[in-house]
Amino acid sequence: MLHVGDDPLLDVVGAHDAGLQAAWLNRTGSDWPGPGPAPALMFRDLGELADWCAARLGAD
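Under the numbering used here, the sequence shown has 53 at position 32, and the numbering climbs by one with no breaks.
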């Protein structure tokens with residue numbers, strides 16, 4: 022399961038602490054503010070997230 026959110030602490034760290042994979046929705050393109058290491062997945066917008074999901078699911 023993948024949790025996607027825009028708040029580094031509440032969404033990314035929270036998901037990680039709950040045992041979920043996390044992706045950061047980084048609309049501003051800023052550097053990872055922490056805490057902890059940056060998530061493996063970062064998206065600039067929901068369209069980029071949708072494209073990533075479609076590629077993983079084999080959709081055109």
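Just so you know, even glycine gets a beta-carbon here, dropped at the ideal spot from N, CA and C. Please read these numbers as outputs of a predicted model, since none were measured by experiment.
Handout entry: Nearest candidate by alpha-carbon position, reference T49, set D27, A39 and L23
Key = Within the sequence shown, residue 49 is the residue found at index 28, counting from 1. Comparing Cα positions, the closest option is D27.
Handout entry: Rounded C-alpha distance that separates G57 from V34
Key = On the sequence shown, position 36 is the one that residue 57 refers to. On the sequence shown, position 13 is the one that residue 34 refers to. Rounded to whole angstroms, G57 to V34 spans 8 Å at the Cα level.
Exercise for the section: Could you tell me which of D52, D66 and L31 sits nearest to A43, measuring between CA atoms? Expected result: In the sequence shown, the residue the question calls residue 43 occupies position 22. Out of D52, D66 and L31, L31 has the C-alpha closest to the C-alpha of A43.
Problem - Unbroken beta strand (DSSP E) run spanning W73, endpoints - result: Position 52 of the sequence shown holds residue 73. Counting along the chain, W73 sits inside no beta strand (DSSP E); it lies in the alpha helix (DSSP H) bounded by residues L67 to L78.
Problem - Simplified DSSP state of G35, which is helix, strand or coil - result: For the purposes of this step, residue 35 is taken as residue 14 along the sequence shown, with counting starting at 1. The answer is helix: DSSP assigns G35 an H, G or I state.
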